[in-house]
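Structure record follows, encoded as structure tokens.
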Amino acid sequence: MLSLSNGGMTAGQAGKYFATEDYYLRGGESSLWLGKTAKDLKLTGRVDEQAFRNVAAGKTPDGREQLVAPKTIMKQGEKEEVHRAGNDLTFSAPKSLSVAYAAGNHQVKEIWDQAVINTMKYVEDHYSHYRTPDGTRVGGNIVAAKFDHVTSRALDPDVHSHVFLVNMVHTPEGKWLANAPKAIYQDKISIGMLAREEAIRLLREAGYQVYFNDREKFLFEIKGVSQEEMEIFSTRSAAIEEQVAEWQKEGAFPGMSETLLKQWAAFETRDPKFKVTTQEIRELWDKSFREVGTTPQEVRERIEVAKAPSLAPPPHQLRSAREVLKEASTFLTDKEVTFDRAKVMKTAVQLSGGEHSIAQFEGALNDRRQFHYLGAESHGWDAGKEYFTTRQMLKLEAHNVESLEDMHSFTSITSRPEVEAYLKGLTGAAAETLTPEEARFQNAFAAGAAAAAPGCADLSHGQKEHVVNELTGGSGFAITLGDPGTGKTFAAGVIERFNAEVLNPTGREHHTLNLAYTGKAALEMEAASGKEASTLHAFLDRYWASPTPMFPEPRQPQTQVVIRVDEASLVGGRQAEQLLKVVQDLKAQGHQVKLALVGDAKQLSSIQASPFFCHAAELARGGHGDLALMKEISRQKEAGLLEVATTLNRSNSSLGQNAADALKLLEQQGRVHELPTRDELVRATVQRYLAEADKPSPSADHTGDKQSVLVVTPLNADRQELNRQIRAARRENGALGQGVTVDTFVPAEQGVTVAGYHPGMTVFFTGHRSQDRTRKESNQMPENGRGEILSVDQLRNQATVGFRDRQGGAWSRSFGASELAQKATLYEVQPREFAPGDSVIFTKNIFDKSIVSAESGRKVKVRNGERGEIEKKTTANACHVATVKLADGRRVEVNLDGHGPQFLEHGYAVTVHKGQGATVDVVLSYNYVQPTQNRDSSLKALTGIDTTPDDFKRWNAGLTDYDKGYRAETTIGGHTGTVSFVMIANRQDVQEQKGIAVSFLNGRAVMDDAATRHQMREAGMHWSPDQQAWVATVTNDRAFHLMSNHPLRDQRYLAQLKNDLVQAKAQPAPPATPNQIGTPRAEIDTTADTERYGRASYNLFNVALTRSRYDAAVFTNSVPGLKQAVQVIDMKTSTITKEMLEQRSARQTSAAEIPHVLPSAPSPRPPSPPPPMPPSQPIKAPDRELELKR
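Numbers in my numbering are just positions in the sequence shown, counted from 1, shifted up by 222.
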């Protein structure tokens, strides 16, 4: 593993590498200078202590010249110089390698050392960043000192290397500047994996055999070392840690270092003059070996026996580095057009399994025949990151844009005046309102007037423009940008009525092929238009696979074809390419064809890579296509909700501001409920659900029915918990009948490794597109063919799948994990109980004999995402059958167990993606989010003090003397403690933050009080062993409310804060890392928080809140935290920018009327055109395998 010191070290801290307590086996350890700059400074071989101290201070090795200028900060009105010496990168070997070393095998350590050296060469080439006025640059040189250790502080065998990366870069212009290590923190997982890739390769070259205990995290061990031999040292280490913690809790041995305490615990002594010798360590290790019934010699011999003869690698390992990189990039570009160096390297390592060197991967990534370098981001959070795409993706996006431009004109069989005349009749307008051109079409006006129906009189301007554009627009493609709830689907029904009532009687046909991204949206299209609709996926398969005619016979003399795609914002680049090929094919057959795309770029973005809909909308905005805007929201029937929905979708302000303002409106309307803990939040949401679900529906269309209620949440784990709790409550109050437990298919996560696979899982083969994208290939696997995972091989990264044919024959085949991810969908079989009264949702499009109509008994189609309620449960032919009333009123009988597991789930709560497209009476938006972190807005929210971002940054960067001396009494859960200030070093963030620490007077009582500890964890507080206190960022709103007294409620502190902020304005810039002497620091790890908290964003919040007609409520554990989260905008990466599309446009439309749908942020500078779009990186949950250490 790789861990990094947090926030950097001072020169004094760096010098501790030479302290006696850091060297237990001085004779067996070594040090080495690394880096090109080290050579330039004549630093080679073993690290000299004085030279190290000098360069750590930013000076020449002899200390005569200051190379890197120290940073000047203001302290108490006085200027003070501080210097960050550098950062510690710690590479830790697998436990088995350390045990092998303890047994006397020193070769494995030499191999690990070489792997670290090779990895640092990679770090030097790509992470030697420095800042300039023009942004972050890479110097390509470092000064680093590598210190090798073989024990932990608990004296276990622990082979690891501390590589101290000195804060020094030599620029091409000859300047000496400070380095910028942020990218190393961000990419530490990838760097650590590369070190292990190198180690495995070198170990195998030396004959050693390895096995993976976690292929996903790339954790391995060497063969020949038993689990018991690894565990004995870990067990002993845990006992030592426990003893030291007990001493510290009791306050025993004050002033003693933790290192000495661990030595005492290991050797059962209390001698303050105790010194550990090499011989004593060896004897301690030998004793541990004897405890598990072995000796060092036996371990060495076993490792030698496990070695493999030097044979040619098996066929599965013969892939070149270029082939591995190609497979990695193919996997990554399924979801995003661009990828950064760290991501593709990490994926390549997972696929390679230790068969390639870093240098080989580097060479493959530099192959411009396969990859296109987009440049490095120079500013912002991702400064220094290098971005790539594949030549294939570059061509795909460019080709899609060119195909849209080449659609040219569309000659309609009708005209705008004819359609306008029909619409005026349909909406009840008087004949006198017809223009002279429209008056020529009295038959159309009369047909509209005769067909007038409820809802038609309220057709909005946007709906009318949508209808006119599709029927008469002169471009080959039409775009409708429709906000949620603006009647996009209803407008499609108006078009079909015009076709039937005006065109067909006169020998004309507007033939539509209705497509949607999801099955549920396709069902809604069918209901609105009265014509069959299918998913885009199914349509493309059917079009190329079947010779069945696409049009009814006999055909009208004049026919125009429109391929109408709803939810078009979800369509990715590859599916768009296939769709455009269909358009071209139909045109080649002589048809007049138009592509009509309907969607909302402000809701969920494309599932696959490339935001095709955004590109098409920008082209239409520039005049290449017809464009309609639907802004008049009609779904929300309650005035307050309508105001919220309108605010969320304003076009005259940023989307983040829209979300913040909408949340404020919801608060003012009393629709936001803040509960401090997860349990309370779930309980309140469940109670509200039960109350709302028992009320009659206010909709005239559902008289006599109960309200339709839906809980929407971003996190799947929250969905499952809410469904469990709502069912339990409904069962308790008698709302559910007698249930039955049956097996169901639950989708499982798939990646490039088989880490998540296990025997018994089910795979459904969907096939993948051929090179020309027009047909499916699945390597002789039938589409939707079903198989079962028989075995999993982590070493080969393969799963063996078993199949049965219709004749009862059985056979099997092995697949790589990434191959399965592209060709098949993975499911687990899990039990679910279903009972009359249950709300259910189908999780797959189903059209087989397991689901039939309750009226006719014939099999019927149900769509993925369709919801319904179980009315009754019966038994037929020893099978359990549930009668389900679907949301559209249909009743179906579902055979729950007669045909194997069903694709059925409880439907009380759904994820936001499943909620997309739904319309219900009441929505409950559940948002368990991370409490607020330190920001200027959060400080203002808690104190009312206005601060600029720069003012806040200065305040947050360090502790003042007043902060250091601050003490106040506070109470949490009835326990009294002292609150003070501390700098928090979060292992997931390079930058330290100002925090508060609560030290309880009776720590043991708090440790025994599970409820209080749970409250503090829920409030985002963390236990810090460094401070023996619970800590949180100063502006954590949950901790603020939990504590009886808090500095931001203390008038003395607030007065001092105002004064500090005034003084801070005199400083020229905030220091990056002050490292003040005597500053208390607390190290915490928030890795697990990323799994505990749901990820909210503007897009998810917009989808959730706009599903409801009559009422909505937001449940959250932190309103300020939610406000921060919903201002994040989810966007797909692309190589096409808005500016590029504008340059291609023949004419422009007023920007005041039509919103831009692509960001116009600065682009990285590629070495060759076309200029790329800056990658938009959504927040990712950090990998849990790496740890940050001081």
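No residue lacks a Cβ here, since even glycine has one placed at the ideal position from N, Cα and C. In this text, all values refer to a predicted model and were calculated from it rather than measured experimentally.
Original post:
Smallest Cα separation from N736: which of E746, R730, G729, T728?
Top reply: Comparing Cα-Cα distances from N736 to each of E746, R730, G729, T728, the minimum goes to E746.
Subject >> For T907 and G892, the rounded distance between their alpha carbons >> reply: If you draw a straight line from the Cα of G892 to the Cα of T907, it comes to about 15 Å.
Subject >> Beta-carbon gap between T935 and Y1148 smaller than 8 Å >> reply: Yes, they are a contact pair.
Original post:
First and last residue of the alpha helix (DSSP H) that includes G647?
Top reply: Boundaries of the alpha helix (DSSP H) around G647: 638-648.
**OP:** Take G878 as the anchor and find which of A1318, E332, A428 has the nearest alpha-carbon.
**Re:** Of the listed residues, the one whose Cα sits closest to G878 is A1318.
Subject >> Beta-carbon proximity of N622 to A798, cut-off 8 Å >> reply: Yes. Within cutoff.
Original post:
Going by beta carbon distance, what residues of the same chain come within less than 6 Å of K528, once the five residues before and after it are set aside?
Top reply: The sequence as given places Ala at residue 528; Lys does not occur at that position. Here the set comprises Q431, K445, G446.
Original post:
CA-CA distance, R796 and T611?
Top reply: If you take the alpha carbons of R796 and T611, they lie about 15 Å apart.
**OP:** Please report how far the alpha carbon of I1461 lies from the alpha carbon of T975, in whole angstroms.
**Re:** Any property of residue 1461 remains undetermined from this structure, which presents the chain solely from 223 to 1412.
Original post:
Under 8 Å between the Cβ atoms of P476 and G326?
Top reply: With respect to G326, P476 sits apart: the two C-beta atoms are not nearer than 8 Å.
Subject >> Inter-stretch contact at 8 Å, needing at least 3 Cβ pairs: the segment 905-923 / the segment 1346-1359 >> reply: Using a C-beta cut-off of 8 Å, the segment 905-923 makes no contact with the segment 1346-1359, since fewer than three inter-stretch Cβ pairs fall below that distance.
Original post:
Does the Cβ of A674 have 16 or more other Cβ atoms within 10 Å, making it buried, or fewer, making it exposed?
Top reply: Flag for A674 reads exposed.
Original post:
Does the distance from the CB of P292 to the CB of G280 come in under 8 Å?
Top reply: Cβ atoms of P292 and G280: closer than 8 Å.
Subject >> Straight-line gap, L863 to G1090 (C-alpha atoms, nearest Å) >> reply: Here the alpha carbon of L863 sits roughly 25 Å from the alpha carbon of G1090.
Subject >> Reference F1037; option with closest CA among L1327, G973, K1071 >> reply: The candidate whose alpha carbon is nearest that of F1037 is G973.
Original post:
Assuming D1414 and E608 make a contact with CB atoms under 8 Å, what is their CB distance in whole Å?
Top reply: Outside the displayed span of the chain (223 to 1412) sits residue 1414, for which this structure offers no information.
Subject >> Residue span of the beta strand (DSSP E) that contains N726, given as start and end >> reply: Unbroken run through N726: none, as it is neither H nor E.
**OP:** With DSSP as the reference, please indicate the residues paired to C1101 in a beta bridge.
**Re:** Looking at the DSSP assignment, C1101 forms a beta bridge with A1098.
Subject >> Reference V931, options V498, G357, D356, A1131, closest by Cα >> reply: The shortest Cα separation from V931 among V498, G357, D356, A1131 belongs to A1131.
**OP:** Evaluate R1080 with the Cβ neighbour count: other Cβ atoms within 10 Å of its Cβ, from every protein chain shown; 16 or more gives buried, anything less gives exposed.
**Re:** R1080 is classed as exposed because its beta carbon has fewer than 16 other beta carbons within 10 Å across all chains shown.
**OP:** Determine the direct distance from the alpha carbon of K1095 to that of K1083, and round the result to whole angstroms.
**Re:** Rounded to the nearest angstrom, the two C-alpha atoms are 20 Å apart.
**OP:** Give the range of the alpha helix (DSSP H) segment to which Q890 is assigned.
**Re:** Run containing Q890: 877-890, per the alpha helix (DSSP H) assignment.
**OP:** Enumerate, from N- to C-terminal direction, the unbroken alpha helix (DSSP H) stretches of 4 or more residues contained entirely within the segment 831-861.
**Re:** For the segment 831-861, whole alpha helix (DSSP H) runs of length 4 or above, ordered along the chain, are 834-843.
Subject >> Where A1219 falls: helix, strand or coil (DSSP) >> reply: Correct three-state label for A1219: strand.
Original post:
Whole beta strand (DSSP E) runs in the segment 385-453 with 3 or more residues, listed along the chain?
Top reply: Listed in chain order, they are 432-436, 441-444.
Original post:
Helix or strand or just coil, what does DSSP make of I948?
Top reply: Here I948 carries a helix assignment [DSSP, helix/strand/coil].
Subject >> Residue from F440, H813, L1108, L762 whose Cα sits closest to the Cα of V571 >> reply: Selection F440, H813, L1108, L762 evaluated against V571 yields F440 as nearest (Cα-Cα).
Original post:
Secondary structure at P969, three-state DSSP: helix, strand or coil?
Top reply: If DSSP states are grouped into helix, strand and coil, P969 belongs with the strands.
Subject >> Inter-residue Cα distance where the pair is A1291 and M342 >> reply: Confidence at A1291 is low in this model, with a pLDDT of 45, below 50, so the placement of that residue should be treated as unreliable; the coordinate-derived value is given next. Cα to Cα, the separation comes out at about 32 Å.
Original post:
Under the three-state reduction of DSSP, which class applies to A1241: helix, strand or coil?
Top reply: In the three-state reduction of the DSSP assignment, A1241 falls in the coil class.
Subject >> Host alpha helix (DSSP H) of N1149 (start-end) >> reply: Where N1149 is concerned, there is no enclosing alpha helix (DSSP H), although the beta strand (DSSP E) it sits in stretches over 1142-1149.
Subject >> Rounded straight-line distance, which links the Cα of I1206 to that of Q168 >> reply: Only positions 223 to 1412 of the chain appear in this structure, which leaves residue 168 out of reach.
Subject >> Counterpart residues of K1107 in DSSP-defined beta bridges >> reply: DSSP, once it has assigned bridges, lists E1091, R1113 as partnering K1107.
**OP:** Can you tell me which of the three DSSP states E472 falls into?
**Re:** Note: E472 maps to helix in three-state DSSP.
Original post:
Between the C-alpha atoms of I1167 and G845, what's the straight-line distance to the nearest angstrom?
Top reply: Put simply, the backbone Cα of I1167 is about 48 Å away from that of G845.
Subject >> Separation of K368 from L256, as counted between CA atoms >> reply: Between the alpha carbons of L256 and K368 lies a distance of about 7 Å.
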